[in-house]
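Going by the numbering used here, the sequence shown runs without a break in its numbering and finishes at 1051.
All C-beta atoms in this analysis are idealised placements derived from N, C-alpha and C, irrespective of residue type, glycine included.
Just so you know, these numbers come straight off a predicted model, no measurement behind them.
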Amino acid sequence: MLIWRDAMAIGQPEIDRARKHVIGRINDFERALGAHGPHTALGLFLTGLYEETSTAFGREEKIQRECSFPFTEMHHREHAAILEKVELLKEQYDELDARGNFTPLLRELAGLAKEWITAHIVQSDLKLRPYWLNHNGIYLRGQH
Ligand SMILES: [Fe+2]
């Protein structure tokens, strides 16, 4: 199970809510996988995921621009890569029937979850924190 830690927070409530939601979705997936198997678990995980992720990423990028975040362009490319993988997973899922072989899909999902959580949420997203704080008139020690 993935656990949200306060050290992972940016401080901007909407962005943090969306990031916590991704972690919750992955935890829900793991529970559903154990209880109902890969077809149901993947179906629940992928339903609406692209749309809500696309909306959340768009909102995050807008806030980044407002905060003059210098890595917006690079960050946008990471978002686009995640969205592309979500879309591909959904397409592959839609082509499989309930008795198909889910092993490759589960492997891809594990890779995506790792990239999304470990590389993106924990590292890339968090870079916004000092810029968001500065934008709101809060300065961190050693930074003025
Ligand atoms: Fe992000």
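For lysine 992 against leucine 1019, the beta-carbon gap comes to about 5 Å, under 8 Å, which counts as contact. Where aspartate 923 is concerned, the enclosing alpha helix (DSSP H) starts and stops at 920 to 943. Excluding residues up to 5 positions away in sequence, Phe936, Leu949, Phe952, Leu996 lie with their Cβ nearer than 8 Å to the Cβ of leucine 1016 in the same chain.
CA-to-CA, the gap between arginine 1006 and threonine 960 works out to about 28 Å. Taking the Cβ of histidine 986 as the reference point, at least one heavy atom of ligand 1 falls within a distance shorter than 7 Å. Relative to leucine 940, the option among Phe1009, Tyr957, Arg984 whose CA is nearest is Phe1009.
Judged by the Cβ position, aspartate 923 fails to qualify as a neighbour of ligand 1 at the 7 Å threshold, every heavy atom of the ligand being at least this far. By the C-beta criterion, the segment 979 to 988 is judged not to be in contact with the segment 921 to 932, since fewer than 3 inter-stretch pairs fall below 8 Å. Restricting attention to Glu967, Leu1013, Glu973, the CA atom closest to the CA of glutamate 921 is found in Glu967.
Sorting Tyr957, Gln919, Ser975, Cys974 by C-alpha distance to the C-alpha of alanine 988 places Tyr957 at the top.
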